[in-house]
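For reference, the structure is listed below as structure tokens.
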Ligand SMILES: Nc1ncnc2c1ncn2[C@@H]1O[C@H](COP(=O)(O)OP(=O)(O)OP(=O)(O)O)[C@@H](O)[C@H]1O
Ligand SMILES: [Mg+2]
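Protein chains in written order, with the numbering used here: chain A, 12 to 314; chain B, 1392 to 1645.
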């Protein structure tokens, strides 16, 4: 997949502002970014469900404006908003979706059985979708996207609403799909997910890429190795941050805590104590993508 | 050979119908038959002189066929379209697969045509049992009824795709379908209307559907007016389809 100057406009509003990226076959590529960054708009363009407003886009080597049907035949899409038929049963939803791809019924039935197993919905196969819980519907949407055995899987916040066990099952499944040589494109608000799943990722903000690289590279480039998290009484963080500024490479004030970026967290924490500060709680940890995100967008990942 | 894309969309509606056919048979088939029994036979027994030269039951049976087609065609182009766009986003599920907007639209309209065919066939069989159909031309009342239904379905589908809520549908019923049902020649000849209203009734699609179906079922029709009716219905379907192409595309391609 290749995008050059890819742009999405809604009237005068620019949702995706001339971004460039390439995603190789068999790669798994992530889009992070705060709400409204333009992730979904990008996913819709690359899944050939929304026309590009500018730039060029090639998906599976084809032009979506010309070969949309042929491209979509090889894509599995998990949209951010579910589009299940609530009155039909779980199994019927899979059967119907498979028919859109013109797969023979016995094949759909066979795959549906395996996918329901994976989605842990086997015992709900003949129940209507409507009364299922939000997470179950999400799992069904994910299962449905796999019915056509797609080469390219595009997942827009696939695990929002899933419980931890279901998330791990999905990660495991996606990992295996990747090993089979499938290409994965994922958006997420969970940085552990991004670190687990993505070979490479971009951080989007206001329709542009703020950074691009492997999770490791991004952490090295935009953060220090360690972070000291300090919690003071609310309202004090701002003033404490000023007085501690000299102790860290960089500091960040959040509503409920103060983050100090430093190479050696334990040493910095001792200095904090030595300077006479007594935080209500203190924690030294390794830097994560969340810190990268905070640095680049000024916001926490889950907001 | 690959199944045509629009047929796959049609398949969805057919699949869905397996769940709802029982209740839909009641509304779309039983009601017209009840009307026919109550008004055509019951009330008709009090009407001793012929209406337009035939028994009253003969007069209203083909009219009810056209009116039922109008009702089904309209209804199927309202709430299910809203469902596809907003409530369940069924259309968007289709559009994530090889299907295109045109396939989604054609599949849906084709399904409405299938529904109209099913109901009309059953209804015509019942009418034949009532001894109303007296011409071999009655067979042609089937396509005439389907065309009556699509003449409503296509433009209404175009309208539905522009709506955000279902209040517009109530308005269509209140100021469109119900007056048409009552005053377009289904229950009495439009010549009974006040003079100034007759040209209005003449211009409505249901009037042309009723005339055509009645002429065919009773075997009383003259070629040119009948062709005019048919052309009117086909043209309205075509215009509706072209409009729906635009409104569907505007709504679904964002
Ligand atoms: N159909 C539309 N019409 C007008 N504006 C739109 C439309 N779809 C999206 N936008 C706008 O484009 C911007 C980007 O939206 P998008 O859904 O791509 O964000 P996102 O990164 O997916 O956010 P989230 O994390 O909340 O899902 C937002 O400001 C949104 O309001
Ligand atoms: Mg989104």
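Backbone N, C-alpha and C fix where the C-beta goes; we use that ideal spot for every residue, glycine too. Just so you know, these numbers come straight off a predicted model, no measurement behind them.
Counterpart residues of residue i in DSSP-defined beta bridges
i: residue 197 (chain A); result: A:41, A:166
i: residue 272 (chain A); result: A:238, A:261
i: residue 292 (chain A); result: A:242
i: residue 68 (chain A); result: A:14
i: residue 106 (chain A); result: DSSP, once it has assigned bridges, lists no residue as partnering residue 106 (chain A).
i: residue 86 (chain A); result: A:163
i: residue 222 (chain A); result: A:214
i: residue 21 (chain A); result: A:24
i: residue 32 (chain A); result: A:14
CB of residue i within 8 Å of CB of residue j, strictly
i: residue 168 (chain A); j: residue 194 (chain A); result: no
i: residue 1607 (chain B); j: residue 1516 (chain B); result: no
i: residue 1481 (chain B); j: residue 96 (chain A); result: yes
i: residue 123 (chain A); j: residue 102 (chain A); result: yes
i: residue 99 (chain A); j: residue 154 (chain A); result: no
i: residue 188 (chain A); j: residue 163 (chain A); result: no
i: residue 255 (chain A); j: residue 245 (chain A); result: no
i: residue 1397 (chain B); j: residue 1498 (chain B); result: yes
i: residue 1461 (chain B); j: residue 1571 (chain B); result: yes
i: residue 41 (chain A); j: residue 26 (chain A); result: no
i: residue 260 (chain A); j: residue 280 (chain A); result: no
i: residue 1484 (chain B); j: residue 94 (chain A); result: yes
i: residue 1600 (chain B); j: residue 1457 (chain B); result: yes
i: residue 236 (chain A); j: residue 149 (chain A); result: no
i: residue 1494 (chain B); j: residue 1400 (chain B); result: yes
i: residue 1614 (chain B); j: residue 1445 (chain B); result: no
i: residue 1510 (chain B); j: residue 1459 (chain B); result: yes
i: residue 234 (chain A); j: residue 277 (chain A); result: no
i: residue 56 (chain A); j: residue 88 (chain A); result: no
i: residue 1591 (chain B); j: residue 62 (chain A); result: no
Through-space distance from residue j to residue i, alpha-carbon basis
i: residue 1625 (chain B); j: residue 1541 (chain B); result: 8 Å
i: residue 1464 (chain B); j: residue 1574 (chain B); result: 18 Å
i: residue 330 (chain A); j: residue 1472 (chain B); result: Outside the shown range of chain A (12 to 314) lies residue 330 (chain A), about which nothing can therefore be said.
i: residue 1502 (chain B); j: residue 1404 (chain B); result: 6 Å
i: residue 1561 (chain B); j: residue 1476 (chain B); result: 18 Å
i: residue 159 (chain A); j: residue 300 (chain A); result: 33 Å
i: residue 239 (chain A); j: residue 304 (chain A); result: 17 Å
i: residue 91 (chain A); j: residue 45 (chain A); result: 14 Å
i: residue 1612 (chain B); j: residue 1428 (chain B); result: 25 Å
i: residue 258 (chain A); j: residue 268 (chain A); result: 16 Å
i: residue 35 (chain A); j: residue 15 (chain A); result: 15 Å
i: residue 186 (chain A); j: residue 208 (chain A); result: 7 Å
i: residue 1557 (chain B); j: residue 1470 (chain B); result: 7 Å
i: residue 1628 (chain B); j: residue 60 (chain A); result: 28 Å
i: residue 201 (chain A); j: residue 211 (chain A); result: 15 Å
i: residue 33 (chain A); j: residue 225 (chain A); result: 14 Å
i: residue 1633 (chain B); j: residue 1550 (chain B); result: 12 Å
i: residue 227 (chain A); j: residue 275 (chain A); result: 18 Å
i: residue 1578 (chain B); j: residue 1454 (chain B); result: 7 Å
i: residue 145 (chain A); j: residue 177 (chain A); result: 12 Å
i: residue 1402 (chain B); j: residue 1486 (chain B); result: 15 Å
i: residue 1490 (chain B); j: residue 110 (chain A); result: 11 Å
i: residue 136 (chain A); j: residue 127 (chain A); result: 7 Å
i: residue 1631 (chain B); j: residue 38 (chain A); result: 46 Å
i: residue 1635 (chain B); j: residue 1496 (chain B); result: 8 Å
i: residue 120 (chain A); j: residue 196 (chain A); result: 27 Å
i: residue 156 (chain A); j: residue 1564 (chain B); result: 39 Å
i: residue 1568 (chain B); j: residue 141 (chain A); result: 32 Å
i: residue 1621 (chain B); j: residue 1452 (chain B); result: 19 Å
i: residue 285 (chain A); j: residue 221 (chain A); result: 37 Å
Any non-hydrogen atom of ligand 1 within 7 Å of residue i CB
i: residue 44 (chain A); result: yes
i: residue 49 (chain A); result: yes
i: residue 63 (chain A); result: no
i: residue 1343 (chain B); result: Because chain B in this structure spans residues 1392 to 1645, residue 1343 (chain B) falls outside the shown range and cannot be described.
i: residue 1492 (chain B); result: no
i: residue 1578 (chain B); result: no
i: residue 112 (chain A); result: no
i: residue 21 (chain A); result: yes
i: residue 94 (chain A); result: no
i: residue 24 (chain A); result: yes
i: residue 1645 (chain B); result: yes
Any non-hydrogen atom of ligand 2 within 7 Å of residue i CB
i: residue 168 (chain A); result: yes
i: residue 91 (chain A); result: yes
Residue i at chain E interface by Cβ criterion, 8 Å
i: residue 1402 (chain B); result: The chain labelled as chain E is not found among the protein chains of the depicted structure, namely A and B.
With a threshold of 8 Å, are at least 3 pairs of Cβ atoms found where one atom belongs to the segment 300-310 of chain A and the other to the segment 208-225 of chain A? Three or more beta-carbon pairs separated by less than 8 Å link the segment 300-310 of chain A to the segment 208-225 of chain A, which places the two stretches in contact.
Given 8 Å as the limit, is there contact between the segment 114-129 of chain A and the segment 1498-1515 of chain B, that is, 3 or more CB pairs closer than that? Contact between the segment 114-129 of chain A and the segment 1498-1515 of chain B is not established, with fewer than three Cβ pairs separated by less than 8 Å.
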